[in-house]
Each structure stands twice: as structure tokens, then as C-alpha cells.
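The next block holds one structure in the form of C-alpha cells; read it before the comments.
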Amino acid sequence: MQNLSTMTVREIALEMPQTTRVFEQFKIDYCCGGRKPIAEACERAGVDSKDVIEQLEALFTSGVPADDWVGNASLHELISHILDKHHVFTKNELRSLAPLMDKVARVHGDNHSELIELKAAFEELSDDLFPHMMKEEEVLFPFVERLVRCKEKGLPAPMPPFGTVRNPIRMMMSEHDTAGDILRKMRSLSKDYTPPPDACPSFTGLYYRLAELERDLHEHIHLENNVLFPRAVELEDAALGAEV
127 MQNLSTMTVR
137 EIALEMPQTT
147 RVFEQFKIDY
157 CCGGRKPIAE
167 ACERAGVDSK
177 DVIEQLEALF
187 TSGVPADDWV
197 GNASLHELIS
207 HILDKHHVFT
217 KNELRSLAPL
227 MDKVARVHGD
237 NHSELIELKA
247 AFEELSDDLF
257 PHMMKEEEVL
267 FPFVERLVRC
277 KEKGLPAPMP
287 PFGTVRNPIR
297 MMMSEHDTAG
307 DILRKMRSLS
317 KDYTPPPDAC
327 PSFTGLYYRL
337 AELERDLHEH
347 IHLENNVLFP
357 RAVELEDAAL
367 GAEV
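Residue numbering for the sequence shown follows our numbering, starting at 127 and increasing by one per position.
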């Protein structure tokens with residue numbers, strides 16, 4: 127095992143995927159901010175790096191095998207997983223949470239003004255994510271699948287209208303950063319999704335589901351930023367290099 131204190135959050139999450147539970151517990155960004163060294167990420171999250179590293183080391187030394195399906199998955203399998211698990215979940219939750227968010231803000235907004243801001247942030251997140259996922263589904267992911275097929279058939283790399291796969295990836299990562307900022311704002315407004323004492327079941331359920339949406343988006347963005355996108359760039363580079 128490497129010295130965890132010298133590794134980035136991304137490197138730790140990729141080597142032992144179970145560590146993402148620790149990152150969620152300490153509210154450490156392992157998706158958009160995954161390239162930061164663990165000490166810097168802990169400082170940003172306002173937590174003691176010693177406590178975090180202690181829990182991470184316990185996982186590494188526990189003898190529990192790493193759940194490394196991601197490392198062994200093909201690009202096609204990764205894309206299918208992201209679409210079938212994360213895109214479907216995100217779309218369904220955003221649609222079904224919208225009326226619940228409206229209801230809770232309307233009923234409890236007078237006594238809990240943070241709900242009005244939370245509703246606005248949720249709507250911004252939703253407005254951003256739907257077109258974002260559409261661009262991935264209709265432009266980026268199909269091109270990556272074409273790269274894979276060309277490699278399998280020994281054909282030249284396809285020439286995309288956007289020049290290189292790096293360009294849409296750069297845009298997707300920028301949009302991921304924006305989503306991450308909104309998620310942090312929502313967590314702050316909701317006091318870590320802690321319902322107030324007078325919360326009704328709808329209020330409590332809203333906070334629970336928003337926290338679950340956040341957790342899934344963290345995993346979703348991590349798989350794209352730290353696994354799928356780097357591998358897509360590597361595949362394109364190899365294909366273009368083979369043509370020289």
C-alpha cells in the first residue's frame with residue numbers, strides 16, 4: 127500500500143473504491159476535486175486529515191478485497207453503467223423531487239426561509255443537468271463508442287466535428303464543477319440535510335432524498351471525470367498515434 131498522505135483523492139478512490147464512503151462521511155470532494163492531494167482536500171472540507179487517513183488506512187488493511195469492477199470494465203460497460211444507473215436515477219429523481227420541493231417550500235417557507243433558496247438552487251441544478259446529460263448521451267458517449275468500435279475493427283479513428291474528444295470532455299468537466307458548486311450550496315443551506323424539529327414527513331423525506339441524489343451524483347461524476355474521460359482521451363491518443 128502506498129503512503130496515503132502523498133496520494134490524491136482520485137488515486138485513493140480508484141485504488142480502493144470503498145473509500146468513497148469515507149469521503150462522503152467527511153464531505154470530501156472525490157469527484158470534481160478528486161485531483162487534490164488528500165491533505166488539501168481535508169483542509170478544504172474543514173476536517174482533520176489524520177482522522178481521515180486513519181479511516182482510509184483501516185479500509186486498506188482490513189483485508190476486504192477492493193471492488194474493482196470499474197478497473198476491469200470496458201469503456202462500453204462503463205458507459206452502459208453510467209447511463210442505466212446514474213442517468214436514469216438522476217432524471218427520475220429530479221422530476222419527482224420537483225413537486226415535493228415546491229410543496230415543502232410553499233408550506234414551510236415562511237418559517238424556514240432557507241427553503242426558498244434551496245428550491246432555487248435545486249431548480250438551477252435540474253436546469254443544468256438535463257441538457258448536460260443529453261449532450262453526453264447524444265454527442266460524447268456515442269463518439270467514445272465509435273472510437274472503441276474502430277479500435278476493435280482496426281479502422282482509423284473517426285474525425286469528430288468538435289476536433290478532439292478533449293473538447294467535449296473539457297466542457298463536461300466544467301459543467302460538473304458547476305453542479306458540484308450547487309450541491310455544496312444546497313448542503314450548506316440545508317445544514318447537511320438535517321431536518322428541523324418541526325419538520326413534517328414530507329420535509330424529512332425531501333432532505334433524505336436530496337442527500338441520496340447528492341451521493342449518487344458524486345459517484346456519477348467520479349466515474350466520468352476520473353475513469354471514463356481519461357480512458358477516452360487515452361484511446362483517442364493511441365488511435366491517432368497509430369495513424370502517424
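Ideal Cβ placement from N, Cα and C applies to all residues, glycine included.
Given Gly159 as reference, the closest of Asp363, Glu240 and Asn351 once Cα atoms are compared: Mapped onto the sequence shown, residue 159 falls at position 33. The shortest C-alpha separation from Gly159 is found at Asn351.
C-beta contact flag for Pro284 and Phe269 at 9 Å: By one-based count along the sequence shown, residue 284 stands at place 158. By one-based count along the sequence shown, residue 269 stands at place 143. Yes, they are a contact pair.
Nearest to Arg147 (by Cα), restricted to the options Ile164, Gln181, Glu166 and Lys162: For this step, residue 147 is matched to residue 21 along the sequence shown. Of Ile164, Gln181, Glu166 and Lys162, the residue nearest in Cα terms is Gln181.
Cβ-based neighbour list, Glu137, same chain, cut-off 6 Å, excluding 5 preceding and 5 following: Locating residue 137 in the sequence shown gives position 11, counting from the first residue. For Glu137, where only same-chain residues beyond five positions count, there are no Cβ hits under 6 Å.
Three-pair Cβ contact test at 8 Å for the segment 305-316 versus the segment 215-225: no
Exposed unless 16 or more other CB atoms sit within 10 angstroms - verdict on Gly306: Here the question's residue 306 lines up with position 180 in the sequence shown. Burial call: buried.
In chain order, each alpha helix (DSSP H) run of at least 4 residues that lies wholly inside the segment 179-218: Those alpha helix (DSSP H) runs which fall completely within the segment 179-218 and span 4+ residues are 195-198 and 201-207.
The segment 198-213 touching the segment 349-363, judged by at least three CB pairs closer than 8 Å: yes
Option nearest Tyr333 by Cα separation, candidates Met227, Gln144 and Gly172: Stepping through the sequence shown from its first residue, residue 333 is reached at position 207. Nearest option by C-alpha distance: Met227.
Rounded distance between the beta-carbons of Glu183 and Arg341, thought under 8 Å: Residue 341 sits at position 215 when you count from the first residue of the sequence shown. Residue 183 sits at position 57 when you count from the first residue of the sequence shown. Not confirmed; about 23 Å, so no contact.
Proximity winner among Pro282, Pro294 and Ala246, relative to Val265 (alpha-carbon distances): Your numbering for residue 265 matches position 139 in the sequence shown. Of the listed residues, the one whose Cα sits closest to Val265 is Pro294.
Residues that DSSP places opposite Pro108 in a beta bridge: No statement about residue 108 is possible, as the shown extent of the chain runs from 127 to 370 and does not include it.
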